[in-house]
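Comments concern the structure below.
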Amino acid sequence: MVRDNEQTKELVESGVIDKAKSKAIVDSYRSSMSGIKDFWYGCEKAFELSLDTCTSSECNTIKFDFVDQDIHVTLPSSRKLRYSKPELVEEEKTISTYDIDGNEKQIELVGTSIYYGKGIGLYGGKLVENIVQATSRDILVDIILKLEQKDIPVLFHVHDEVICEVEDQRSSEVAKVVEKVMSTPPSWAKTLPLATEVEISKYYLK
């Protein structure tokens, strides 16, 4: 928890955290969660490879295809994200970063950048963000469809919450079904761990 962590509770209590501590937190996260950082890098390189060679490439279960000047990214659900007419651009870049004492410094780099559409920049972290958000959407849609197939009407959803409305006498029974459905991953992500909390109320709670 952010509040219980010695590094981050200062941010919760005051709303302010110094740059040196910010860098330490980022470095600690990237070190302890190296698989996430590697996935950012892997997806970026796979995207670049498909674009550079006009072929297909993969990173884990994510596939990148060059199709009619676009890059199609195939999600685990088989749905595709399309990036319109991306380009690899060699350019000089100035990056702002911080040393271990929190002092800002500028780094001059020459490297390859990805742009698509009307000059929208793309990099590994942003690409993975898009993939994760889209996959989360697909999981939620799978759940909603399964609930409605079980005669449990979904009124609306908020982020990862699903709000259903049923008769009072069905509420306890339906709550058990909702918990089971929402804790069961879709067929295309069988090993995905899902956990659910269900609450019965007369009105919407947040």
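For reference, each letter of the sequence shown is one residue, going 2 to 207 in our numbering.
Where a beta carbon is used, it is the ideal one built from N, C-alpha and C, also for glycine.
Length of the line joining the Cα atoms of residue i and residue j
i      : j      : result
Ile145 : Leu50  : 36 Å
Asp143 : Pro187 : 7 Å
Pro194 : Ser78  : 16 Å
Tyr30  : Glu162 : 27 Å
Val182 : Lys147 : 7 Å
Phe48  : Leu110 : 21 Å
Lys38  : Arg83  : 23 Å
Asp71  : Tyr99  : 36 Å
Val133 : Lys64  : 14 Å
Glu105 : Lys24  : 11 Å
Ser202 : Gln150 : 22 Å
Leu123 : Ile140 : 25 Å
Glu88  : Gly125 : 15 Å
Lys127 : Ser97  : 18 Å
Ile153 : Gln170 : 13 Å
Cys55  : Asp69  : 9 Å
Cutoff 6 Å; reference residue i; Cβ partners in own chain excluding five residues on either side
i      : result
Glu92  : Ser114
Cys60  : Gly43, Cys44, Ala47
His73  : Asp66, Lys81, Arg83
Val199 : Ala176, Val179, Glu180
Gly112 : none
Phe157 : Ile164
Beta-ladder partner(s) of residue i, from DSSP
i      : result
Phe67  : Ile72
Val111 : Glu93
Phe157 : Ile164
Ser57  : Asp66
Tyr205 : None, per the DSSP bridge assignment.
Arg83  : His73
Lys106 : Thr98
Glu49  : Glu49 pairs with nothing; no bridge assigned.
Glu88  : Tyr116
Residue i CB to nearest heavy atom of the ligand NAD below 8 Å
i      : result
Gly118 : Within the structure as shown, the ligand NAD is missing, as the structure has no ligands at all.
Pair within 9 Å by beta-carbon distance, residue i and residue j
i      : j      : result
Phe52  : Ala135 : It should be noted that the sequence gives Leu, not Phe, for residue 52. No; because the gap between Cβ atoms is not below 9 Å, this pair is not in contact.
Lys94  : Tyr117 : no
Val167 : Trp41  : no
Same chain, Cβ closer than 8 Å to residue i, neighbours up to 5 away in sequence not counted
i      : result
Lys207 : Val159
Ser137 : Asp161
Ser173 : Ile201
Val155 : Ile145, Leu148, Glu149, Val163, Ile164, Cys165
Contacting residues, own chain, Cβ-Cβ under 7 Å from residue i (five flanking each side not counted)
i      : result
Gly103 : Asp19, Lys20, Ala21, Lys24
Ala196 : Ser184
Asn131 : Leu82
Write down every uninterrupted run of the beta strand (DSSP E) in the region 117-147 whose length is 3 residues or greater and which is fully enclosed by it, in chain order. With a minimum length of 3 residues, the continuous beta strand (DSSP E) runs that stay inside the region 117-147 are 121-123.
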